[in-house]
Amino acid sequence: MPLSPRLMCAADPKFRSAGDVDKAKAERKAARKAAPAAQAQDAEEVPDEEATARAARKAARKAAGAALESQTNVIDPAAEEKAARKAARKAARAAARNESEEPSAPSTVDAATNPRVGKRKACPNDLRSPADAKQQKPAQGSAGATGGLGAAAFRKLHEILVDASCPAPLESFGAAAPVLGKALAKALATQGYAAPSPIQAQSWPIALAGQDIVAVAKTGSGKTCGFLLPALARIGERGPATAPRRLSWWSCEPARPSALVVAPTRELALQIAGEAEKFAPAVRARVVVLYGGTPKGPQVGELKQGADIVIATPGRLNDLCAGDPKRGLSPSIVLEGVTYPLVLDEADQMLDMGFEPAIREIVAQCPKVGAPEEGGGAGGARGGTRRQTLFFTATWPKKVQASAASLTSKAAVQVRIGQGAGGDKLTLNKNVTHQVVMAEFKQKVSALQGYIKQSFGPKESAVVFASTKGACDFLEQKMQDNFKGIWCRALHGDKEQWEREEMLGQFRAKVAAGQQAVLVATDVAARGLDVPGISLVVVYDFTIPDSPRASPWRTTSTASDALDARARRGAP
0 MPLSPRLMCA ADPKFRSAGD VDKAKAERKA ARKAAPAAQA QDAEEVPDEE
50 ATARAARKAA RKAAGAALES QTNVIDPAAE EKAARKAARK AARAAARNES
100 EEPSAPSTVD AATNPRVGKR KACPNDLRSP ADAKQQKPAQ GSAGATGGLG
150 AAAFRKLHEI LVDASCPAPL ESFGAAAPVL GKALAKALAT QGYAAPSPIQ
200 AQSWPIALAG QDIVAVAKTG SGKTCGFLLP ALARIGERGP ATAPRRLSWW
250 SCEPARPSAL VVAPTRELAL QIAGEAEKFA PAVRARVVVL YGGTPKGPQV
300 GELKQGADIV IATPGRLNDL CAGDPKRGLS PSIVLEGVTY PLVLDEADQM
350 LDMGFEPAIR EIVAQCPKVG APEEGGGAGG ARGGTRRQTL FFTATWPKKV
400 QASAASLTSK AAVQVRIGQG AGGDKLTLNK NVTHQVVMAE FKQKVSALQG
450 YIKQSFGPKE SAVVFASTKG ACDFLEQKMQ DNFKGIWCRA LHGDKEQWER
500 EEMLGQFRAK VAAGQQAVLV ATDVAARGLD VPGISLVVVY DFTIPDSPRA
550 SPWRTTSTAS DALDARARRG AP
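The sequence shown begins at 0 in numbering that gives the first Met the number 0 and counts up one residue at a time.
Here it is, written out as structure tokens:
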């Protein structure tokens, strides 16, 4: 079969004659001789011989090109391809080395002057990486949030009043990381917090020293993480609690938590538990929430699996601590191991709601108070042998002062934030515009509706506080009749627990989505709840002074705390 002309001309360059080899050698030798001569002629700047020099240089370039072409033709194509792949791999490794050697800090050179900045891949340690921007946020905040002000300047800036013996605040997460531990520091970075709030910065070093705290700070100031993180830090050091030992197929030993948080309302207990769940997995801690209005069975089942931190309302906690001897039910939880912390959150509201006997019953079941080095938050061999109590309140009347003194040790440190120059005066939030509308009783509903229509934006939400459950239901109906298409619900104690949780969840979702929504509520939502983004808070009427649950100081505090809720923007 005859070969095609294409195949006949495609001879393998490896098979060459001796004459071709000699010819290639001669051409390369001539090129090497011609190049110096061309350079010499170029160096002699003689105008008459300029054309000759140009011709010589051109001939030299042609000879060099011919030599290179001859040399290329004698190379094996397979070897040439192999060499190309090897060169590409070397170039890739060199580029990777140059990439990793570049500093992670943002460069001041823009992409126009340095193309590498715009085309370089984002790595996890680079501040410009979107994937790691949330983790790098605390590091930036710790460097610039306070600027290393020092204890005195930091306290003056945030209106913090403490005793002279109080330890210095931890102004940044960088300063708090060594005492909280790497696991919690990483969890804080993941959550994206920029810097500790004033109450957190000041309460962390006190709590980790084993001292009791009496803190006066407004709702939404970040108290939750102020008492949760030191407790989780100690759990991380000492290890989580073991699961209760099973005694029979229907019973087991009671749970023995080391930390207990008591809250006045179910909604606040659930909110604290949600915050605790963000950080508990970092130290393998187990969180259990106990509250009334729901069956006890599921909560007892949770306790049977063990608990490190229990967040509870007073009534349900005492029920599960007592058990039911008539039915042969043993206690599901014992408080003899609660050393750090026993937290009384929104303590003034619990006292106002008549929970003081229940609180004292809970405290009596916990260990006794002791020296600071024996407190649950203290380190060392003696740490964790005595009870450490943290008393958080938003108001500081004489009744609350007396209760705080009887429930905490004599060495308790007082921390007051934003309570006036003397530390005992309520001050209005400077970020909130306060207005007072006077109206006759029969005109209050129309005045409320007119005010909301006038000041309610298309993407705004509002909370309306009423003193009674009947007033909430009445206002809910009026609002639904006059504001068509706007979500409006009433929240009070007569609602089933699942209704309250569902209603509050819907309201949070509406606020987050920028939709118009109105929540009419009693005091169950007046304190402790944090719903970022609320633009308007209306106090429709105050607590009736003649009511058995009312008190003169509570009337004022309800209005102040409700109005301050407008300024909350998601504190950690």
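Glycine included, C-beta positions come from ideal geometry on N, C-alpha and C.
- Query: Taking the DSSP output, what are the residues bridged to residue 415?
  - Reply: 160, 215
- If we ignore side chains and look at the alpha-carbon of each, how far apart do residue 528 and residue 337 end up? 25 Å
- Query: Could you give the distance in angstroms between the alpha-carbon of residue 204 and the alpha-carbon of residue 339?
  - Reply: 14 Å
- Message: Can you look up residue 287 in the DSSP assignment and give me helix, strand or coil?
- Response: strand
- Task: May I have the straight-line CA-CA distance separating residue 367 from residue 280, to the nearest angstrom?
- Result: 30 Å
- C-beta atoms of residue 253 and residue 329 nearer than 8 Å: yes
- Message: Closer than 8 Å is the cut-off here; do at least three beta carbon pairs connect the stretch 530-537 with the stretch 457-465?
- Response: yes
- N- and C-terminal bounds of the beta strand (DSSP E) containing residue 392: 388-392
- Message: Quick check: the Cα distance between residue 211 and residue 350, rounded to an integer number of angstroms?
- Response: 19 Å
- Item | Enclosing alpha helix (DSSP H) for residue 258 [first to last residue] | Looking at the DSSP string, residue 258 is not in any alpha helix (DSSP H); the run it does join, the beta strand (DSSP E), is 258-261.
- Selection from 523, 53, 482 that minimises the alpha carbon distance to residue 502: 523
- Identity of the residue in 225, 219, 293 nearest residue 207 by Cα: 225
- On the three-state DSSP scale, how would you describe residue 323? strand
- Taking residue 304 as the reference, give the member of 472, 391, 285 with the closest Cα. 285
- Between the beta-carbon of residue 346 and the beta-carbon of residue 312, is there less than 8 Å? no
- Message: For residue 491 and residue 250, I'd like the C-alpha separation in whole angstroms.
- Response: 36 Å
- Item | Residue nearest to residue 481 in terms of C-alpha spacing, selected from 452, 331, 457 | 452
- Once you ignore the five residues that flank residue 277 on each side, which residues in its own chain have a CB closer than 8 Å to its CB? 186, 190
- Do residue 408 and residue 355 have their C-beta atoms within less than 8 Å of each other? no
- Query: What did DSSP end up calling residue 374 once you bin it into helix, strand or coil?
  - Reply: strand
- Item | For residue 460, the first and last residue of its enclosing beta strand (DSSP E) | 460-464
- Task: Could you tell me which uninterrupted alpha helix (DSSP H) segments, each at least 4 residues in length, are contained entirely in the stretch 436-519, listed from first to last along the chain?
- Result: 443-454, 468-481, 496-511
- Message: Whole angstroms are fine: how far does the CA of residue 319 sit from the CA of residue 333?
- Response: 9 Å
- Message: Looking at residue 232: is its Cβ nearer than 8 Å to the Cβ of residue 183?
- Response: yes
- Task: Would you kindly report the start and end of the unbroken alpha helix (DSSP H) that includes residue 431?
- Result: Element bounds for residue 431: n/a, residue is neither H nor E.
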